[in-house]
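Take a look at the structure below.
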């Protein structure tokens, strides 16, 4: 897995996405980080398909990451949401599929509504994180992803999954900004 990747959060304009993605790949980026929640996987998929068809890059030369949304954490919804991402990305598999946030949301009747809000308040769902993880393990077994990991989890959540998992998390993604300052010791 390349250690530096292109984050695609908040890039919704097709022309901007094409410029950013093609430039990144042209200068050597191989790792593309996206998520169902970003609502732009269809743009990424169309651009990558065009680049694959033109021979500008091969699928196997890229490391593509997507993420399970909050409203997809019921075990019977995990594969469904992974397939939505694969369809949008026009891929047979992703290299890494992450549990985006360990905070399940109740599902509405709209898949794109990843945070169910009622009366201005987030509506959580009571889902055992280990049950979600087991469903993610089945994605590896079915070849929909090569590996699975966690994003935005605390140390207790990570340890609980690690201790019980048949397939251990291969990645623990955490947010870090270079602008954050930390006191020196």
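In the working numbering, the protein residues as written are 4 to 188.
All residues carry an ideal CB built from backbone N, CA and C; glycine is no exception.
Predicted, not measured: the structure shown is a model, and the values here were computed from it.
Per-residue DSSP class, three states only, for residue i
i	result
residue 176	strand
residue 23	helix
residue 41	helix
residue 65	coil
residue 88	helix
residue 81	helix
residue 99	strand
residue 14	coil
residue 36	strand
residue 121	strand
residue 71	strand
residue 94	coil
Where residue i falls, given that 16 or more other Cβ within 10 Å makes a residue buried
i	result
residue 146	exposed
residue 19	exposed
residue 150	buried
residue 148	buried
residue 172	buried
residue 72	buried
Residue i versus residue j - alpha carbon distance
i	j	result
residue 99	residue 122	35 Å
residue 176	residue 103	9 Å
residue 23	residue 8	12 Å
residue 130	residue 59	43 Å
residue 81	residue 62	24 Å
residue 45	residue 11	12 Å
residue 31	residue 69	20 Å
residue 56	residue 86	22 Å
residue 4	residue 101	14 Å
residue 108	residue 51	31 Å
residue 89	residue 74	17 Å
residue 143	residue 67	15 Å
Residue nearest to residue i in terms of C-alpha spacing, selected from the options
i	options	result
residue 48	31, 32 and 17	17
residue 125	159, 133 and 106	106
residue 79	141, 6 and 164	141
residue 38	166, 14 and 28	14
residue 97	164, 35 and 6	35
(message) In chain order, what are the residue ranges of uninterrupted alpha helix (DSSP H) at least 4 long that sit wholly in the segment 125-171?
(response) 132-144 and 158-167
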